[in-house]
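2 protein chains.
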Amino acid sequence: MNTATLGFRQPIAATIEAVARAGFGAIAPWRRELEGEPVESVARRIRDAGLAVSGYCRSTYIPAADRDAFAAGLADNRRAIDQAAALGAACFVMVVGGLPEGSRDLPDARAQLVEGTAALLDHARKAGMRLALEPLHPMYAADRSVLNTLAQALDLAAALEPAPADAPMLGVAVDVYHVWWDPALSAGIARAGRDRRILAYHVSDWRRETRDLLNDRGMMGDGVIDLRAIRAAVESAGYTGAVEVEIFSTLDWWRREPAETLAACAERLQTVC
Amino acid sequence: MNTATLGFRQPIAATIEAVARAGFGAIAPWRRELEGEPVESVARRIRDAGLAVSGYCRSTYIPAADRDAFAAGLADNRRAIDQAAALGAACFVMVVGGLPEGSRDLPDARAQLVEGTAALLDHARKAGMRLALEPLHPMYAADRSVLNTLAQALDLAAALEPAPADAPMLGVAVDVYHVWWDPALSAGIARAGRDRRILAYHVSDWRRETRDLLNDRGMMGDGVIDLRAIRAAVESAGYTGAVEVEIFSTLDWWRREPAETLAACAERLQTVC
Numbered sequence: 001m002n003t004a005t006l007g008f009r010q011p012i013a014a015t016i017e018a019v020a021r022a023g024f025g026a027i028a029p030w031r032r033e034l035e036g037e038p039v040e041s042v043a044r045r046i047r048d049a050g051l052a053v054s055g056y057c058r059s060t061y062i063p064a065a066d067r068d069a070f071a072a073g074l075a076d077n078r079r080a081i082d083q084a085a086a087l088g089a090a091c092f093v094m095v096v097g098g099l100p101e102g103s104r105d106l107p108d109a110r111a112q113l114v115e116g117t118a119a120l121l122d123h124a125r126k127a128g129m130r131l132a133l134e135p136l137h138p139m140y141a142a143d144r145s146v147l148n149t150l151a152q153a154l155d156l157a158a159a160l161e162p163a164p165a166d167a168p169m170l171g172v173a174v175d176v177y178h179v180w181w182d183p184a185l186s187a188g189i190a191r192a193g194r195d196r197r198i199l200a201y202h203v204s205d206w207r208r209e210t211r212d213l214l215n216d217r218g219m220m221g222d223g224v225i226d227l228r229a230i231r232a233a234v235e236s237a238g239y240t241g242a243v244e245v246e247i248f249s250t251l252d253w254w255r256r257e258p259a260e261t262l263a264a265c266a267e268r269l270q271t272v273c
Numbered sequence: 274m275n276t277a278t279l280g281f282r283q284p285i286a287a288t289i290e291a292v293a294r295a296g297f298g299a300i301a302p303w304r305r306e307l308e309g310e311p312v313e314s315v316a317r318r319i320r321d322a323g324l325a326v327s328g329y330c331r332s333t334y335i336p337a338a339d340r341d342a343f344a345a346g347l348a349d350n351r352r353a354i355d356q357a358a359a360l361g362a363a364c365f366v367m368v369v370g371g372l373p374e375g376s377r378d379l380p381d382a383r384a385q386l387v388e389g390t391a392a393l394l395d396h397a398r399k400a401g402m403r404l405a406l407e408p409l410h411p412m413y414a415a416d417r418s419v420l421n422t423l424a425q426a427l428d429l430a431a432a433l434e435p436a437p438a439d440a441p442m443l444g445v446a447v448d449v450y451h452v453w454w455d456p457a458l459s460a461g462i463a464r465a466g467r468d469r470r471i472l473a474y475h476v477s478d479w480r481r482e483t484r485d486l487l488n489d490r491g492m493m494g495d496g497v498i499d500l501r502a503i504r505a506a507v508e509s510a511g512y513t514g515a516v517e518v519e520i521f522s523t524l525d526w527w528r529r530e531p532a533e534t535l536a537a538c539a540e541r542l543q544t545v546c
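Residue numbers (our numbering), protein chains in the order written: chain Y, 1 to 273; chain G, 274 to 546.
What follows is the structure, given as C-alpha cells:
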C-alpha cells in the first residue's frame, strides 16, 4: 500500500496501523510523512506492524534552473536515500522532475537527469539502496518528470550501469497509470526483466473520463487498463515484489474513510489485478 | 489556420472570410462545419478567398465495439475522404479513435486501426487524397486515439505502404502538442522526412499548468514547447507545407473575439514559431 492512496490525512503511525490491520503485507511511505519523526522510530513501527517497505517516495526533482539548485537537490536526495536505507525499503522511488520553471529546454533537463542520476547512483551504492527510476506519463513532462517512457528509463539505466549484476542498483518502477498506453510496453517490460531492473510495480486505473491531470486516478477495475495483462507481463519478466496500490484521487477516494479505501483496494487486488 | 482555433462559433463562410482578412494563406476546416452545406460551394468560397486547404479534419473513429460499427465508421470515412478531395485539401487528418466504450483491449483496438487504415488507404488512392495519421498525446489513448507516438504512426505507414513513392499517400501530421515530450521525437521527424511522410505540421503550446485534458491548449509562446526547435527539425526533414495553428481553448481563446485570436496567432507565428 502506497500511503498516497489514503490522501495523507493521518499521521504515519495511524496509517501504518490501518494498513497492517487491513491485511496488506507492505507499505510505501512518503518522505513528507516522516518530517519531524526520527526515521528509526518509523522503521520500528513498520517492522512491529509486520509490514515490509515496498518503496520510499520520492526523489527531489533533479533538473534545476542553476547549478546551486542542482547541487542542493542532489544533497537532499542523498539524505532521502539514507532514509530509505534506514527504513529497509526495497527501493528509493525516483520521480525525476520536469522542466525547470521558465525553461523550454527539454534536452538540457534530460542531460541534467543523466548527470544527477549518475551522482545519486554512487551514493546509492554506498548506502546499499536501489534506485527505481519511475517514468511518468507524458502529460507530466512539463512539471513533474522529463522521464516519460519505460524505454527512456531503461536506456538511462543501461547507460549508467551497463552490465547489471544479479541485483542492479539502478532499475525502474513500472506504474500502470504512466505506461499503459505505450505501444512499446511489452517490449519494455521484457527488456527490464532480462536486466532484472523491475524494482517496483504500481497499480491504479485510468478513468475514461479523466477530470484532472494529477488527482483523478481510478481504483483498479474502474478504468480501462488491462491490469491482468500487465501484471502477467511483469511477473513473466521475473518480478516477484509487491503489487503496490498508488491512487491520487482528491475527487473520490481521498474523500472516503481510510478503512473504506483500504478495503476496496484489498478486494480489487484479489479480483481484478 | 485550423478553424478549431476559433471555437466553431461562426458559420464556415464567416470563418473563411475572417481567416483570409487576417492574412493567413491556408485554412483547415472541420467536417462539422460543412454539415448542410454543399462541399463544392465551401470549396469555391475558400478558393475565392485566396486560401489553400492545409488539411481537412477529421476521420471518424476506427476501433469499434462490433463489426457493423467498424464498417459504418469506414463508410463514413470514405465520404469524408471524398469531401477532402473536393476541397482540394493537402491531406485528410486521421484522429483514429480510442478504445471502444467498455473495452480494455488496446492490442485489439490497434489491430482494428491497421485493418481500417488499410481499407481507407485503398479509397484514398482512388480519390487522390493523402491520409495524415495524427499521433495523439498518450493522455487521449482511452477516448480519442490509440495512435500515440510518431514512431507508432510511422511503423503503421511503413507496414501499409512499404516503399513510399515521391509522394506517399499515407503520411503523418506532426502536432507539437501531442509529440513535444517524446524522447524519440528528433529521430521520428528525421525518419518521417526521409520517407516524405510529413503531410501537416500543427502548432499550439503546452501550458505548464494545464487545467483540462482536452481544451486548455496554449497560444504559441505561452507554454513550454520549444517551437523553433521542432519547426527547424520538421523543415530540415523537408517539410514545406503550412504551419497550421490548432488551439482548443474553452477557458481562454474561445472566449475572445475571432479577430483577436487570429491577430494573436498571426503575431506569434512571426515571433515565436
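The beta carbon of each residue, even a glycine, is placed where N, CA and C say it ideally should be.
Item to complete: Tell me the start and end of each unbroken alpha helix (DSSP H) in the stretch 410-483 of chain G that is at least 4 residues and wholly inside, in chain order.
Response: For the stretch 410-483 of chain G, the full-length alpha helix (DSSP H) segments reaching 4 residues or more read 423-433, 449-452, 458-467 along the chain.
Discussion item. Using a Cβ distance threshold of 8 Å, determine whether the stretch 260-267 of chain Y contacts the stretch 280-296 of chain G, with at least three qualifying pairs required.
Written reply: Touching, no, given that fewer than three Cβ pairs across the two stretches are closer than 8 Å.
Worksheet item: Where do the ends of the beta strand (DSSP E) carrying Leu131(Y) lie?
Response: For Leu131(Y), the enclosing beta strand (DSSP E) covers residues 131-133.
Item to complete: May I ask you to list, following chain order, the residues of the stretch 486-502 of chain G that have a beta carbon less than 7 Å from some beta carbon of chain Y?
Response: Hits within the stretch, in order: Leu486, Val497, Ile498, Asp499.
Worksheet entry | Buried or exposed by the 16-neighbour rule on C-beta atoms within 10 Å, applied to Asp416(G) | Buried.
Discussion item. Is Ile230(Y) near the ligand ZN - that is, is its Cβ less than 6 Å away from at least one heavy atom of it?
Written reply: As for the ligand ZN, it is missing from this structure, which has no ligand bound.
Practice prompt. State the beta-bridge partners of Ser249(Y) as determined by DSSP.
Written response: According to DSSP, which records beta bridges pairwise, Ser249(Y) is partnered with Asp216(Y).
Worksheet item: Going along the stretch 469-488 of chain G in order, which residues come within less than 9 Å of chain Y, judged by CB to CB distance?
Response: Residues Trp479, Arg480, Arg481, Glu482, Thr483, Arg484, Asp485, Leu486.
Worksheet item: Is the shortest distance between the beta-carbon of Met367(G) and the beta-carbons of chain Y less than 7 Å?
Response: No, its Cβ sits nowhere closer than 7 Å to a Cβ of chain Y.
Worksheet item: DSSP state of Glu37(Y), grouped into three classes?
Response: DSSP, reduced to helix, strand and coil, places Glu37(Y) outside both helices and strands of the structure shown, so it counts as coil.
Discussion item. By the DSSP assignment, the beta strand (DSSP E) with Val366(G) in it spans what residues?
Written reply: First-last of the beta strand (DSSP E) with Val366(G): 365-367.
Worksheet item: Quick one: does Asp252(Y) have its CB under 7 Å from some CB of chain G?
Response: No, because no Cβ of chain G sits closer than 7 Å to the Cβ of Asp252(Y).
Worksheet item: From Gly171(Y), Met129(Y), Thr117(Y), pick the residue whose C-alpha is nearest to that of Ala85(Y); which is it?
Response: Out of Gly171(Y), Met129(Y), Thr117(Y), Met129(Y) has the C-alpha closest to the C-alpha of Ala85(Y).
Practice prompt. Please go through the same chain and pick out, in chain order, the residues whose beta-carbon is closer than 8 Å to the beta-carbon of Pro441(G), but skip the five residues on each side of it.
Written response: Sequence-distant partners of Pro441(G) (beyond 5 residues in either direction) whose C-beta falls short of 8 Å from its own C-beta, in its chain, are Arg403, Ala430, Glu434, Asp468, Arg469, Arg470.
Worksheet item: Taking only beta-carbon atoms, is Gln543(G) less than 7 Å away from chain Y?
Response: Chain Y contact via Cβ: absent.
Worksheet entry | Environment of Glu519(G) [buried if 16+ CB atoms lie within 10 Å] | That one is buried.
Worksheet item: Run through DSSP, which three-state label would Cys265(Y) get?
Response: DSSP, reduced to helix, strand and coil, places Cys265(Y) within a helical segment of the structure shown.
Worksheet item: How would you call Ala460(G), buried or exposed, if buried means at least 16 neighbouring beta carbons within 10 angstroms?
Response: The residue in question, Ala460(G), is exposed, as its Cβ has fewer than 16 Cβ neighbours within 10 Å.
Worksheet entry | Beta-carbon gap between Ile462(G) and Ala505(G) smaller than 7 Å | Not closer than 7 Å, so no.
Discussion item. By the three-class DSSP mapping on this structure, what secondary structure does Gly116(Y) have?
Written reply: Annotated three-state conformation of Gly116(Y) is helix, per DSSP.
Discussion item. If contacts are defined as beta-carbon pairs under 8 Å, then Ile335(G) and Ala400(G) qualify, I think. What distance do you get, rounded to the angstrom?
Written reply: Rounded, the Cβ-Cβ distance is 17 Å, inconsistent with contact.
Worksheet item: Is the CB of Leu372(G) under 7 Å away from at least one CB in chain Y?
Response: True, the Cβ-Cβ gap to chain Y drops below 7 Å.
Worksheet entry | Reference Cys330(G), options Leu406(G), Gly514(G), Arg398(G), closest by Cα | Nearest option by C-alpha distance: Leu406(G).
Fill in: Supposed close pair Leu147(Y), Pro135(Y) - CB separation, criterion 8 Å
The pair is a contact, with the Cβ atoms about 5 Å apart (cut-off 8 Å).
Practice prompt. Within 10 angstroms of the Cβ of Leu51(Y), are there 16 or more other Cβ atoms? Answer buried if so, exposed if not.
Written response: Burial call: buried.
Worksheet item: Which bits of chain Y does Met402(G) rub up against, with CB to CB less than 7 Å?
Response: Those within 7 Å of Met402(G) in chain Y number zero; the least Cβ separation is about 26 Å.
Worksheet item: When Cβ atoms are compared, which residues of the stretch 137-157 of chain Y fall closer than 7 Å to chain G?
Response: Listed in sequence order: His137, Pro138, Met139, Ala141, Ala142, Asp143, Asn148, Thr149, Gln152.
Fill in: Asn2(Y) versus Leu87(Y): straight-line alpha-carbon distance, rounded
Taking the CA atoms as reference points, Asn2(Y) sits about 14 Å from Leu87(Y).
Worksheet item: Span of the alpha helix (DSSP H) holding Leu51(Y)?
Response: Leu51(Y) -> no alpha helix (DSSP H), and no H or E assigned at all.
Fill in: The alpha helix (DSSP H) enclosing Ile289(G), as first and last residue numbers
Residues 285-294.
Discussion item. Between Arg377(G) and chain Y, is any beta-carbon pair separated by less than 7 Å?
Written reply: In terms of beta-carbon proximity, Arg377(G) lines the interface with chain Y, with at least one pair separated by less than 7 Å.
Worksheet entry | N-terminal and C-terminal residue of the alpha helix (DSSP H) that Gly73(Y) is part of | It spans 67-87 - the alpha helix (DSSP H) in which Gly73(Y) sits, taken as one unbroken run.
Worksheet item: Does the beta-carbon distance from Ala277(G) to Val326(G) come in below 7 Å?
Response: No, they are not a contact pair.
Discussion item. Suppose you measure from the CA of Gly346(G) to the CA of Val312(G); what does that come to, to the nearest Å?
Written reply: Here the alpha carbons of Val312(G) and Gly346(G) stand approximately 20 Å from one another.
Worksheet item: What residues from the stretch 323-345 of chain G come within 7 Å of chain Y, judged by C-beta to C-beta, listed N to C?
Response: Within the stretch 323-345 of chain G, no residue qualifies.
Worksheet item: Near Leu113(Y), what residues of its chain come up, given a Cβ to Cβ distance below 8 Å and the 5 sequence neighbours on each side ignored?
Response: Here Leu113(Y) has Ile62, Pro63, Val96, Gly97, Val146, Leu147, Leu156 as same chain residues with Cβ atoms under 8 Å from its own Cβ, once five neighbours each way along the sequence are excluded.
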